[in-house]
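The structure under discussion appears below in the form of structure tokens.
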Amino acid sequence: MENHNVAVIGSGYVGLVTGICLAKFGNNITCADINKNKIDSLSGGRIPFYEPHLEKILHQHSDNIQFSTDLEKTIQKNDYIFIAVDTPENENGSANLQSIFDVAKKIGQHLNQHKVVVIKSTVPAGTHETVKNIISKYLSKDLTFDIVSNPEFLREGHAVGDFLYPDKIIIGSNNPKAIEKMLDLYQPLDCKNPLLMDNVSAEIAKYACNSMLANRISFINEITHITEKLGGKIKNVQKALASDHRIGPHFLNPGIGYGGSCFPKDVKALIHTAEAYNCGSSLLKAIDKTNQLQPQLFLKKVLSYFNSNLKNKKIAIWGASYKPETSDIRNAPALKIIEALLSYGAQIHVYDPKALQALRNLFQQQIHYADNKLSPLNNADALMILTEWKEFQTVQDLPENIYPKVIFDGRYCLPTGTRNLYSNRKQLQIDTPKSYNALNVHK
Ligand SMILES: NC(=O)c1ccc[n+]([C@@H]2O[C@H](COP(=O)([O-])OP(=O)(O)OC[C@H]3O[C@@H](n4cnc5c(N)ncnc54)[C@H](O)[C@@H]3O)[C@@H](O)[C@H]2O)c1
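Plus 492 on top of the position in the sequence shown (first one is 1) and you've got the numbering used here.
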């Protein structure tokens, strides 16, 4: 098997997983970034975020990978140039493509021979064309290059497995030779299903997948509110949905809404594209709107329980990352909830297995940080579970003297019997008004 020279520009979650996993197959990789601190940390063998297995693979294959801030050299010495920079949202919901365009300009300025330029970042339909035009504009010689749209589908927390054993790889290009080169590079991946298509379809496919998953989450959240209002149990409804083979079990967990660096911005960017081309976007808008409501509805339960008086109430919070197995707090619903609780004068004591540093950078002295899940519970007025880390999915192991008076299970991750277990504890003298039964509040 031939080894390839591959540049990955943008050394974040996607870029690093791509670079490190390709290094594992013996390719010569350069991961580049404009962030010098990040490159220094990576050169010292440290991944600047938590992603299971990634650092170990980096150490095992460090001979095949280097890190650099020198984009010129990185572009010139490699045959494949992956673009994996961030594409955040603009204020109007459209995708901010400035980083993509900056990299395209650098590629144009420093291209020295034919290369395959691979857009891995999530970008709106037609971006490959703009990237092509920018590169062409800055080319000083008569050189050629290919543009491949190869969106990434890894999930943070499972990124290495998702990259090495993907259930699909999308390779979008109008040039069969470029597709062949990509198939050659990806040949060691355990994927039986590479989907070959044109660039535009590949670009839209990524947004379609994320919007579909976001849709399922907003759907189950809406069904949850209806079910609970009428006195039913969402877990039963969820079981019925999941056991229907046409529907399946995935992405049907009720909760405080989706977050992270992808779903919220990708749904909004697709709405923006639909509107720019005069296409309908009512369903996409509803997905987004329903999601934005979830933290507010959760807060409503909390305020109702405390009669709108949270002043100096000690609130213990378990979990702040936008989902388990990651240190990423970008757009985490927990952030909105913490901000709102602070505005009501509550005292917040948070524990999260991996996200505390990111939280500290954001909230600094405004909240308290705990290095274990028990200490925030001392004399707490409530416990809120805002991320369903495995260690939070039971309260049976809690010592009786620190049992919280009430638990708001924002992720519906405690087992169904928790309420019964709870009511056996002595200190639980509070009535259970019907409305709380209906709101997944355990007390
Ligand atoms: N994070 C995910 O789970 C995930 C999954 C699939 C797709 N994506 C998409 O992949 C892309 C990257 O996401 P991410 O989460 O890895 O982002 P990230 O913010 O973790 O990393 C992006 C990196 O690009 C660097 N960068 C920005 N401009 C640059 C430039 N001009 N030159 C060199 N480096 C530059 C930044 O410094 C940063 O380190 C986005 O489009 C995202 O939507 C993300």
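Ideal placement from N, C-alpha and C gives every residue a C-beta, glycine not left out.
Bounds of any beta strand (DSSP E) do not take in C513; it lies within the alpha helix (DSSP H) bounded by Y505 to K516.
For E583, the shortest separation between its Cβ and any heavy atom of ligand 1 does not lie below 7 Å. Secondary structure at I626: helix, using DSSP grouped into helix, strand and coil.
If you ignore the 5 residues before and after V794, its C-beta comes within less than 8 Å of the C-beta of L802, L833, A874, M876 and F900, all in its own chain and listed in chain order.
Approximately 5 Å separates the beta-carbon atoms of K624 and I639; this is inside 8 Å, confirming the contact. Short of 6 Å from the beta carbon of L677, and not among the five residues preceding or following it, lie these beta carbons of its own chain, in chain order: H496.
In chain order, H841, V842, Y843 and P868 place their CB closer than 7 Å to the CB of A862, counting only its own chain and leaving out the 5 sequence neighbours on each side.
The three-state secondary structure of N495, taken from DSSP, is coil. D889 and Y895 have their alpha carbons spaced roughly 10 Å apart. Exclusion of the five residues before and after H860 leaves Q839, I840, H841, V842 and P868 as the residues of its chain whose Cβ lies within less than 8 Å of its Cβ. Setting aside the 5 residues that flank it on each side, L789 is surrounded in the same chain by H717, each with a C-beta closer than 8 Å to its C-beta; the list follows chain order. The three-state secondary structure of A778, taken from DSSP, is helix. Under the DSSP assignment, T765 falls in the alpha helix (DSSP H) whose first and last residues are F755 to A768. No heavy atom of ligand 1 is found nearer than 7 Å to the CB of N529. Runs of the beta strand (DSSP E) spanning 3 or more residues and lying entirely within the stretch 804-835 occur at 806-810, in chain order. Every alpha helix (DSSP H) stretch that sits fully inside the stretch 561-619 and reaches 4 residues is listed by chain position as 563-568 and 590-602. Under the Cβ criterion (8 Å, minimum of three pairs), the stretch 545-554 does not count as touching the stretch 526-533. Here the C-alpha atom of I501 lies approximately 9 Å from the C-alpha atom of L508.
Of the residues V759, I557 and N604, the one whose Cα lies closest to the Cα of E564 is N604.
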